[in-house]
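If you read the sequences in order, they're chains C and V. Going by our numbering, the first sequence opens with residue 517, and the numbers climb by one from there. Going by our numbering, the second sequence opens with residue 517, and the numbers climb by one from there. A virtual CB, placed ideally from N, CA and C, is assigned to each residue, including glycine. Structure, as structure tokens:
Protein chains: 2
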Amino acid sequence: MVAARIPDRMTSQGRRLTRQRVIVAEALASAKRALSAQELYERIQANHPTVGRATVYRALEAQVQDGMASRFERDGHVSAYIACDAEHHHHLVCTHCQRVEDLDETAVAPLLASVGRRHEFQVDHAALDFYGLCRSCRRKR
Amino acid sequence: MVAARIPDRMTSQGRRLTRQRVIVAEALASAKRALSAQELYERIQANHPTVGRATVYRALEAQVQDGMASRFERDGHVSAYIACDAEHHHHLVCTHCQRVEDLDETAVAPLLASVGRRHEFQVDHAALDFYGLCRSCRRKR
DNA sequence: GCCAAGATGAGACTCAGTGTCAAATTGGTC
DNA sequence: GACCAATTTGACACTGAGTCTCATCTTGGC
């Protein structure tokens, strides 16, 4: 089960396991969709009104570093976050309901390999996310 | 020559061809690297001090819509822009010198096709940019 | 040249995200 | 369990990219 490994990841790099970071991680994981830091903060406020806004931002940043979440850009220059259980995951983001599907890494690998081969470029990281309408949102239109 | 088509693109959707938008387009095209709106504004100031900041932002937005430029996110939540001469171009961005290489579209197409097939997802647009060090920056390290 | 629709420039405004700092918490160590 | 240094937190001030407003100016069709 993936959840069992979460505390390990959260304490990587000498990071301490705090109540607040657990709250943020759980809130993001249970959302099952992309949320901005502000939206997540507001959700957390409902049950944990003492958790500060800056703490949510810091916790999200830590989660991204620890490979527990990924960040991408939503329209309007806002970052959105989604919980994920492996590193280097890429996503299909529904721009209507904000639900996120994982993209099969095996489909991505050939592209990454070909880029390394064809361009003398040391790829550090890739923004590789697709935006559009998921099946159920497409039907509703 | 591609440049000849620029006025056509700039007047799409009933948009008017203004002196300022030409200045912005030329400044971005001649930069040959990714620039933030602010950086571009500052460059333009040198030769055209009357062009306003908001105008540069608006012109860049229009260029992205018209497929004359693409936008991606730089660290620090800032948009950067690069001129491009075809639609749906994806890029290799050097995070050190900000130079940009075009990514061969034929390498990308299989991925796009497989996403459409494997996920019932109507892809609207894709963030598909690679960040890293270009050859010359890599050598300098 | 005329004129309506659209664009511009100046600057106020917004708000996501960051920095600061005193107080609180964590997790080794004894 | 108590102690303590290092880290984290919460509150809030601050920053700055990007947007909005509005009076004025341009564009382009007639």
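- Euclidean distance between Cα positions of C:A575 and V:H605: Straight through space, the alpha carbons of V:H605 and C:A575 are spaced by roughly 34 Å.
- request: Compute the Euclidean distance between the alpha carbons of C:L533 and C:D524, then round it to the nearest angstrom.
  value: 9 Å
Quiz item: What residues in its chain sit with their C-beta under 8 Å from that of V:C650, if we drop five residues either side in the sequence?
Solution: L608, C610, H612, C613, R615, E617
Exercise. Going by beta carbon distance, what residues of the same chain come within less than 8 Å of V:L544, once the five residues before and after it are set aside?
Worked result: L551, L556, L576, Q579, A585, Y597, I598, A599
For this session: Output yes if chain V places a C-beta closer than 7 Å to the C-beta of C:E621; else output no.
Result: No, no contact with chain V.
Review point. Between V:Y647, V:D640, V:V572, which lies nearest to C:F637 when the distance is taken from Cα to Cα?
Key: V:Y647
_Distance cut-off 6 Å: C:R574 Cβ against heavy atoms of the ligand NAD_ = No copy of the ligand NAD appears in this structure; indeed no ligand is present at all.
(message) Let's test the definition: count the other Cβ atoms within 10 Å of the Cβ of V:E589 and tell me whether it reaches 16, buried, or not, exposed.
(response) V:E589 should be labelled buried.
Worksheet item: For C:R655, does the three-state DSSP call read helix, strand or coil?
Response: helix
Against C:C650, what residues of chain V qualify as contacts under a CB-to-CB distance less than 7 Å, listed in chain order? Near C:C650 (Cβ distances below 7 Å), the residues of chain V are F637.
Task: Neighbour-count burial assignment, C:H641, 16 or more Cβ in a 10 Å radius - done: exposed
Checklist entry - For V:D582, which residues of its own chain have a beta-carbon under 7 Å away from its beta-carbon, when the five flanking residues on both sides are left out? => result Once the five neighbours on either side are set aside, the close Cβ partners of V:D582 are R525, M526, S528.
Note to self: Could you tell me the alpha carbon to alpha carbon distance between C:V567 and C:R587, rounded to whole angstroms?
What the structure shows: A direct Cα-Cα distance of roughly 21 Å separates C:V567 from C:R587.
Review point. Using a Cβ cut-off of 9 Å, which residues of the stretch 578 to 597 of chain V contact any Cβ in chain C, in chain order?
Key: F588, E589, H593, V594, S595
Original post:
Which residues share a DSSP beta bridge with V:D645?
Top reply: C:A643, V:H607
Report task. Out of V:H635, V:R549, V:N563, state which residue places its alpha-carbon closest to the alpha-carbon of C:S652. Result -> V:H635
Smallest Cα separation from V:R654: which of C:G592, C:K656, C:V639, C:D645? C:V639
ask   = When DSSP labels each residue in this structure, what does C:R537 get in the three-state scheme?
value = helix
Closer than 7 Å by beta-carbon distance: list the chain V residues that pair up with C:S630, in chain order.
Those within 7 Å of C:S630 in chain V are A623.
**Study point:** First through last residue of the beta strand (DSSP E) which encompasses C:A550
**Key:** Per DSSP, C:A550 belongs to no beta strand (DSSP E) and is neither H nor E.
### Message
Just to confirm, is the Cβ distance from V:A541 to V:V572 under 7 Å?
### Response
no
Same chain, Cβ closer than 6 Å to V:A520, five either side skipped, listed in chain order:
Note that V:A520 scores a pLDDT of 43, beneath 50, so its modelled location is shaky; the value from the coordinates is reported in the next line. Nothing meets the Cβ criterion.
Taking the continuous alpha helix (DSSP H) assigned at V:V624, which residues delimit it? 621 to 634
Quiz prompt | N- and C-terminal bounds of the alpha helix (DSSP H) containing C:R574 | solution = 569 to 581
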